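K.L.:
Residue numbers (our numbering): 231 to 730. The beta carbon of each residue, even a glycine, is placed where N, CA and C say it ideally should be. From a predicted model like this one, the values you see are computed outputs, not experimental measurements.
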Amino acid sequence: MARALAEVERGLQFRTAAWIDGEFVPALDGRTYTSENPATGRPLAEIALCGAADVDLAVTAARHAFESGVWRDLAPAERKRILIRFADLIDANNDELATTETLDAGKPIADVRALDIPDTAGTIRWHAEAIDKLYDQVAPTGPAAVGMVVREPSGVIGAVIPWNYPAQMAAWKLGPALATGNCVVIKPAQQTALSLLRMAELAGEAGLPPGVLNVVPGPGDVVGVAIARHPDIDVVAFTGSTEVGRSFLHHSADTNLKRVVLELGGKSPQVVMADAPPLDEIAPKVLDAIFWNMGENCSAGSRLIVHRSRQAELVERIAAAAASDWLVGDPMDDTTRIGPLITRSHLERVLGYIEVGRAEGARLVAGGGRVLEGSGGHFVAPTIFDNATNQMRIAREEIFGPVLTIIAFDTEAEALAIANDTPYGLAASVYTENLRVAHRMARALRAGTVGINTYSEGDLSTPFGGYKQSGFGGHDKSVHAHDQYTELKTIWIDMTETGS
Ligand code: NAP
Ligand code: MG
Numbered sequence: 231m232a233r234a235l236a237e238v239e240r241g242l243q244f245r246t247a248a249w250i251d252g253e254f255v256p257a258l259d260g261r262t263y264t265s266e267n268p269a270t271g272r273p274l275a276e277i278a279l280c281g282a283a284d285v286d287l288a289v290t291a292a293r294h295a296f297e298s299g300v301w302r303d304l305a306p307a308e309r310k311r312i313l314i315r316f317a318d319l320i321d322a323n324n325d326e327l328a329t330t331e332t333l334d335a336g337k338p339i340a341d342v343r344a345l346d347i348p349d350t351a352g353t354i355r356w357h358a359e360a361i362d363k364l365y366d367q368v369a370p371t372g373p374a375a376v377g378m379v380v381r382e383p384s385g386v387i388g389a390v391i392p393w394n395y396p397a398q399m400a401a402w403k404l405g406p407a408l409a410t411g412n413c414v415v416i417k418p419a420q421q422t423a424l425s426l427l428r429m430a431e432l433a434g435e436a437g438l439p440p441g442v443l444n445v446v447p448g449p450g451d452v453v454g455v456a457i458a459r460h461p462d463i464d465v466v467a468f469t470g471s472t473e474v475g476r477s478f479l480h481h482s483a484d485t486n487l488k489r490v491v492l493e494l495g496g497k498s499p500q501v502v503m504a505d506a507p508p509l510d511e512i513a514p515k516v517l518d519a520i521f522w523n524m525g526e527n528c529s530a531g532s533r534l535i536v537h538r539s540r541q542a543e544l545v546e547r548i549a550a551a552a553a554s555d556w557l558v559g560d561p562m563d564d565t566t567r568i569g570p571l572i573t574r575s576h577l578e579r580v581l582g583y584i585e586v587g588r589a590e591g592a593r594l595v596a597g598g599g600r601v602l603e604g605s606g607g608h609f610v611a612p613t614i615f616d617n618a619t620n621q622m623r624i625a626r627e628e629i630f631g632p633v634l635t636i637i638a639f640d641t642e643a644e645a646l647a648i649a650n651d652t653p654y655g656l657a658a659s660v661y662t663e664n665l666r667v668a669h670r671m672a673r674a675l676r677a678g679t680v681g682i683n684t685y686s687e688g689d690l691s692t693p694f695g696g697y698k699q700s701g702f703g704g705h706d707k708s709v710h711a712h713d714q715y716t717e718l719k720t721i722w723i724d725m726t727e728t729g730s
């Protein structure tokens, strides 16, 4: 298998231009930027550095495609067929897309092949399948009128996405936006544009008409802002940091009041109650929740809140497993579970937090620094701090790296108070064998997703979004994601006859 992938890697030809109106085009001013491989720190590709004028072109193409009806007016079954073909093409090109993603983003190849790319195709397929199965409504008016309540596509959707799950985050926006008949202008994160550019080409191959999907790579403070402020974009969907997300609301308020949907950061709690299941069962889940994707995960379970009676044993288990099970290494190696962090500056930020944890007096029980420096990559050992308090910065701020902070508690009320004492509310989990405690905690935790005896984001059929400063205005996944890309229209037909 390794040899087969090496061959895929040798044959890769990256798509590096913007995808606008059904073709690859350079940035209008011809500029490019270098995307690097985070495992080596070396250049990987030269990508079109778009600006506001390129966004204008893409929005014009999207608006034209929308108004022409080539997409929204297709028979639902036909729209479904094209999107399912798109999903099939993503699956058929798994090796190429996965290798691209791993080289570009540093994500472990085993995860990308088995999960990211299949989930990307699965997301497109799930929303496609819903297209001819969702009904509109007729209001209970009586015979004097017909009151229809119908959903219509919003028009042109802008999307701005992060680098941690490049293909998947794109699909979470594209699936529901395209399924509901919209046209899209999407900006990938600069570091990770390659998989989405190839996916756009596959969408074209599947029969998506020109202009329906446009991909505009470039810097957030230029291309992202141009999308946020564009007068002809109807809805903007953003996934990224809370700080940047907040700016989208300002931009909307200052321009055309476009709808804003935000999926933001988190500092999610994992609560282990005194009556939790056996620790050998839950220890691997606890570590998955924080070390998965190098901890570069919005819903990472970065605070472990554990009952004092289970603390010592759980800490001992996870500290040992962090070192033995979570192999840091070349992300192209099938056995690697932790690849490099995305950039040099992000590495320094995460190392900075590890220093903060030490200085704050938390007890370092695993990891604690940079590794594999000779590779030129941005690798950090999976790191665990015990005996922290929820007031420490390592418990309050999103680190977005493989760093777990452990806090002990004595009572259920205390556990809940600590878990909810955060500006975020994306995800949470509770480990308990007691049904009543599980239900009570699930209801009381202020988070968009609560896992019981697991750490989970649910599946494609369940909505994903944040409470408090983890989200705003909508959700990804499930039919609920269709709401934010559609307008609700009432059509009122008077049925009374006059004069005859
Ligand atoms: P980020 O800095 O907010 O960037 C996200 C996207 O916004 C990138 O495409 C970025 O462009 C763009 N951007 C940056 N500055 C901008 C600006 N001033 N105006 C408009 N767009 C701008 O976040 P990140 O560091 O890439 O990603 C990590 C964050 O995303 C974490 O906070 C994480 O929790 C969150 N996240 C949330 C979810 C969720 O579903 N809730 C999922 C994944 C990640 P460039 O970087 O290309 O310049
Ligand atoms: Mg890259």
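Between which two residues does the beta strand (DSSP E) harbouring G681 extend?
P.N.:
T679 to I682
K.L.:
Does the separation of the CB atoms of G441 and V300 fall below 9 Å?
P.N.:
Contact flag set, yes.
K.L.:
Evaluate T469 with the Cβ neighbour count: other Cβ atoms within 10 Å of its Cβ, from every protein chain shown; 16 or more gives buried, anything less gives exposed.
P.N.:
Answer is buried; the Cβ neighbour count reaches 16.
K.L.:
Leaving out the 5 sequence neighbours to the left and right, which residues in its chain are closer than 8 Å to H712 when beta-carbon positions are compared?
P.N.:
H357, A360, L364, R381, P406, A409 and T410
K.L.:
By the DSSP assignment, the alpha helix (DSSP H) with D325 in it spans what residues?
P.N.:
N324 to A335
K.L.:
Quick check on the DSSP output: the alpha helix (DSSP H) that includes M429 runs from which residue to which?
P.N.:
Per DSSP, M429 belongs to the alpha helix (DSSP H) from L424 to A436.
K.L.:
Should V415 be counted as a contact of the ligand NAP given a C-beta to heavy atom distance under 8 Å?
P.N.:
Result no, Cβ not under 8 Å from the ligand NAP.
K.L.:
Less than 6 Å between C-beta atoms, sequence neighbours within five positions excluded: which residues of the same chain meet that for T422?
P.N.:
A distance below 6 Å between beta-carbons, with the five flanking residues on each side excluded, links T422 to the following residues of its chain, in chain order: D334, A335, W393 and P396.
K.L.:
If you draw a straight line from the C-alpha of V445 to the C-alpha of L427, how long is it?
P.N.:
7 Å
K.L.:
Let me know if S298 comes out buried or exposed under the rule of 16 or more other beta-carbons within 10 Å of its beta-carbon.
P.N.:
exposed
K.L.:
Give me whichever residues DSSP pairs with Q367 in a beta bridge.
P.N.:
V379
K.L.:
Report yes if the CB atom of P632 is closer than 9 Å to the CB atom of K337, and no otherwise.
P.N.:
no
K.L.:
Could you tell me the alpha carbon to alpha carbon distance between G695 and T726, rounded to whole angstroms?
P.N.:
45 Å
K.L.:
Between which two residues does the alpha helix (DSSP H) harbouring D724 extend?
P.N.:
From DSSP, D724 is part of no alpha helix (DSSP H) but of the beta strand (DSSP E) over T716 to D724.
K.L.:
Could you pull out every residue in the same chain whose Cβ sits closer than 7 Å to the Cβ of F478, ignoring the five residues on either side in sequence?
P.N.:
A458, V466, F468, V490 and L492
K.L.:
So for G411, helix, strand or coil by DSSP?
P.N.:
coil
K.L.:
Alpha carbon to alpha carbon, how far is H460 from S471?
P.N.:
21 Å
K.L.:
Only counting the same chain, and skipping five residues up and downstream in sequence, which positions put a Cβ closer than 6 Å to that of G252?
P.N.:
G434 and P440
K.L.:
In terms of alpha-carbon separation, which member of T264, L279 and E585 lies closest to R272?
P.N.:
Nearest option by C-alpha distance: T264.
K.L.:
Thinking A625 and T641 are a contact (beta carbons under 8 Å), I'd like their distance in whole angstroms, please.
P.N.:
Incorrect: roughly 19 Å between the Cβ atoms, too far for contact.
K.L.:
Can you confirm whether the region 596-612 touches the region 499-508 when touching is taken to mean that 3 or more C-beta pairs between the two stretches lie within less than 8 Å?
P.N.:
Two segments are said to touch when three or more pairs of C-beta atoms, one from each, lie closer than 8 Å; by this definition the region 499-508 does not touch the region 596-612.
K.L.:
With distances taken Cα to Cα, identify the nearest neighbour of L279 among R670, P256 and R574.
P.N.:
P256
K.L.:
Does the count of Cβ pairs from the region 646-656 and the region 673-684 closer than 8 Å reach three?
P.N.:
yes
K.L.:
Alpha carbon to alpha carbon, what distance is there between K403 and T332?
P.N.:
21 Å
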